[in-house]
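Protein chains in written order, with this note's numbering: chain A, 1115 to 1379; chain B, 21 to 306. Idealized CB from N, CA, C, for every residue including glycine. On a predicted model such as this, the values are computed, not experimentally measured, just so you know.
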């Protein structure tokens, strides 16, 4: 039977978790990240707990069997986080200077804000990377429908995820066409911006025009018909969801209690 | 005559315009026949298709005068999805016909059947059959976005054929395809014709219309200026003056006749030209 090929048989127990369980982990991890970011350490009140906390994400990814894919995806996030850290540390002035090299001064408040912001970004983006790298779009779609969400909303959600790739490809095609006409598309930031922003107009207009045909195609395929839909792909629970839910909630409660105790003290 | 679609004095205008895209059109389509629709750009071919399928006026809005009947019932009286099982519609751009929510071609073709709640076993049987028929079975595990234009158009056809509609409206399916892709698409259309489906095909490649269609409709400025047997319509040289393209064989036949070759009829297909010219040459020798 061909549909057996569509079934997912993940050998990794963490990767095989039900999408809603993974989503709970993502939400609680993000909440914990924000709480830990609010705890200042040492004289400078830096959010240093966020640094070891971030190690949870690569550990989770390696345990889920997606180490190399995670590294590929997180590189850009690390670059952005590093940029935020440098800009904040150098540009938010305060009386206390932590470090100085010539005209470059790292201010205490800038460093505090930079560490908080950059590691919060890395933690939250990292946990989302884990979820999306271990979960296929069709798993998310089925889980959403199983949770009672309208199939039209699910369609919008999933097609939007797919369309990001498609729009990326279209954007490259438009840029290539501009290059072929002699428009400068490479160089400094201003040159790139000059080439990029005009390309948004055909990209967006093209996407809007295509939407009409896409809607009619859906109509042709009976998308609007009110009946019980069939699904070729069925999603099963791995059986470890409850354990993971309990661990995630327990860790979050511990972090919340710790944070409240520190406030009181 | 088993009429399946009927236009009764149909005039249709899109919203925000006073100029009708279709003007006072009346005709009847017979079940099981293949109709080729030709005409220059802006003649109203796509609007005609949209009216048959009921997209106009239900989706496009606009003003409809007269009646478009499918099996005797006005298209405006059909419920959502009801016409999808009767009339399959294939659009010009293969890329836009991909649902965008399926990871494999097999699931993509099955999408329509899932929407209609067809049991899984039947879906599997029908999808397998149609994918083999349209020669895309070997691509079953591929992502629909990774295919070539020709392959995507065959997927679009398969996704509609799998719903088993009796009527197929196909709007310029080969406009973005290379000759090989075009040939494969027409092979599928030929198979559908053999299954006695009613086919309405809009196509600029008149030679292909001459080859496959039973009857031809010629549109110009929203009006139906010719409608009838392909031989009769496509050998009418006066259409050239109205900006309508005619098959190469018909033009060749006409030129031969003007040069004094005694052709008994103007051929519209290559095979017919072979016969007609052969007969004329025999006459000449005798």
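- Using beta-carbon distances, residue 168(B) does not count as an interface residue toward chain A, since no partner is under 7 Å.
- Nearest neighbour of residue 1216(A) by Cα position, chosen from 1204(A), 1307(A), 1336(A), turns out to be 1204(A).
- With its beta carbon at least 7 Å from every one in chain B, residue 1286(A) lies outside the interface.
- Rounded to whole angstroms, residue 90(B) and residue 26(B) show a C-alpha spacing of 7 Å.
- Beta-bridge partners of residue 55(B) (DSSP): 220(B), 235(B).
- Sequence-distant Cβ neighbours of residue 1225(A) in its own chain, meaning closer than 6 Å and more than five residues away, are 1203, 1212.
- A direct Cα-to-Cα measurement between residue 195(B) and residue 1189(A) gives close to 43 Å.
- Going by DSSP, residue 41(B) is part of no beta strand (DSSP E) at all; its letter is neither H nor E.
- The alpha-carbon separation between residue 1151(A) and residue 1162(A) amounts to approximately 8 Å.
- Contact between the region 1352-1367 of chain A and the region 160-167 of chain B is absent: fewer than three C-beta pairs spanning the two stretches fall below 8 Å.
- For residue 1220(A), the enclosing beta strand (DSSP E) stretches over residues 1218-1221.
- Looking at the DSSP output, residue 48(B) bridges to 26(B).
- Residues of the region 264-279 of chain B with a C-beta less than 7 Å from any C-beta of chain A: none at all.
- It is roughly 8 Å from the alpha-carbon of residue 265(B) to the alpha-carbon of residue 59(B).
- According to the DSSP secondary-structure assignment, residue 247(B) is paired through a beta bridge with 237(B).
- Put simply, the region 185-203 of chain B does not touch the region 32-44 of chain B. Fewer than three CB pairs are less than 8 Å apart.
- By the neighbour-count definition (other C-beta atoms within 10 Å, threshold 16), residue 191(B) is a buried residue.
- The straight-line gap separating the alpha-carbon atoms of residue 1140(A) and residue 1342(A) is approximately 32 Å.
- Between residue 281(B) and residue 300(B), the CB-CB gap stays under 7 Å.
- Taking residue 1129(A) as reference, the option from 1138(A), 1144(A), 1245(A) with the minimal CA-CA separation is 1245(A).
- Judged by beta-carbon spacing, residue 1256(A) lies within the 7 Å limit of residue 1349(A), meaning their Cβ atoms are closer than that value.
- The count of Cβ pairs closer than 8 Å, one atom from the region 78-94 of chain B and one from the region 144-161 of chain B, stays below three, leaving the stretches out of contact.
- Residue environment: residue 1230(A) is assigned as buried (16 or more neighbouring CB atoms within 10 Å of its CB, all protein chains considered).
- As DSSP reads the structure, residue 32(B) sits in a beta bridge with 42(B), 84(B).
- Judged by beta-carbon spacing, residue 1330(A) lies within the 7 Å limit of residue 75(B), meaning their Cβ atoms are closer than that value.
- In the three-state DSSP reduction, residue 1116(A) falls in the coil class, being neither helix nor strand.
- Two segments are said to touch when three or more pairs of C-beta atoms, one from each, lie closer than 8 Å; by this definition the region 54-73 of chain B touches the region 94-107 of chain B.
- When secondary structure is reduced to three states using DSSP, residue 100(B) falls in the coil class, being assigned neither helix nor strand.
- Only buried fits residue 1335(A), as 16 or more other CB atoms lie within 10 angstroms of its CB.
- For residue 108(B), the enclosing beta strand (DSSP E) covers residues 107-110.
- Rounded to whole angstroms, residue 63(B) and residue 41(B) show a C-alpha spacing of 8 Å.
- Rounded to the nearest whole angstrom, the CA to CA distance from residue 274(B) to residue 57(B) is 22 Å.
- With a cutoff of 7 Å on beta-carbon distance, residue 1236(A) and residue 1187(A) are scored as not near each other.
- Under the 8 Å Cβ criterion, the region 1284-1295 of chain A does not count as touching the region 1366-1375 of chain A, having fewer than three qualifying pairs.
- Sixteen is the threshold: since fewer than 16 other Cβ atoms of the shown chains lie within 10 Å of the Cβ of residue 1118(A), the residue is exposed.
- Interface annotation, residue 1189(A): not in contact with chain B, CB-CB separation never under 7 Å.
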